[in-house]
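Trainee: Below you'll find the structure I mean.
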Amino acid sequence: MSWLNQLCWAGLLPVITQANVASLHLQADHNIAKELVRTGEILSLDTTLSKLQHFCYGQLVDAHIYQRDDKWRYDLLIRIDQDTLLRLDLNASTGEHDGQPLPEECHPYETAPR
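Every number in my numbering is 9 more than the matching position in the sequence shown, counting from 1.
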């Protein structure tokens, strides 16, 4: 292998490694969530997103599950409109936003105009 190829591969190694670590993290999140849904400890992400539409309509961009104070939480990144991204922290057991008030950008899904 030429020195140029070695340099290119050496430069790509951290990127490839980071991608693999990110992939493992996503797989771990998925496996944890799947088991917690199966045992009834949390709501599925689909159910949670359906509930979310009642108080904050938008498109899911990213989701993670984590545990805080022995409670499972969904950390969601929601696109409200073309220019607005919101991060919401929801109780994974209830699908509700408990704690702080909702951001003012949150609006429920409405099927009929006002």
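We put the CB at the ideal spot given by N, CA and C, even for glycine.
Please state whether the Cβ-Cβ distance between tryptophan 81 and leucine 58 is less than 8 Å.
Mentor: The residue labelled residue 81 in the question sits at position 72 within the sequence shown. The residue labelled residue 58 in the question sits at position 49 within the sequence shown. Not closer than 8 Å, so no.
Trainee: Which value, in whole angstroms, describes the spacing of the CA atoms of serine 53 and lysine 43?
Mentor: As a first step, residue 53 must be located in the sequence shown, where it is residue number 44. As a first step, residue 43 must be located in the sequence shown, where it is residue number 34. Each residue's alpha carbon lies about 8 Å from the other.
Trainee: Could you give the uninterrupted runs of the alpha helix (DSSP H) lying entirely in the stretch 45-123, keeping only those of 4 residues or more?
Mentor: At a cut-off of 4 residues, the continuous stretches assigned as alpha helix (DSSP H) that sit fully inside the stretch 45-123 are 54-61.
Trainee: Contact defined as beta carbons within less than 8 Å: I believe isoleucine 51 pairs with glycine 67. What is the distance between those atoms, to the nearest angstrom?
Mentor: As a working mapping, residue 51 is identified with position 42 in the sequence shown. As a working mapping, residue 67 is identified with position 58 in the sequence shown. Incorrect: roughly 21 Å between the Cβ atoms, too far for contact.
Trainee: What does the alpha-carbon distance come out to for the pair threonine 48 and glutamine 109?
Mentor: As a position in the sequence shown, residue 48 is number 39, starting the count at 1. As a position in the sequence shown, residue 109 is number 100, starting the count at 1. Computed Cα separation, rounded: 28 Å.
Trainee: Do you know offhand how far leucine 95's Cα is from aspartate 84's?
Mentor: Translated into the one-based positions of the sequence shown, residue 95 becomes position 86. Translated into the one-based positions of the sequence shown, residue 84 becomes position 75. Rounded to the nearest angstrom, the two C-alpha atoms are 10 Å apart.
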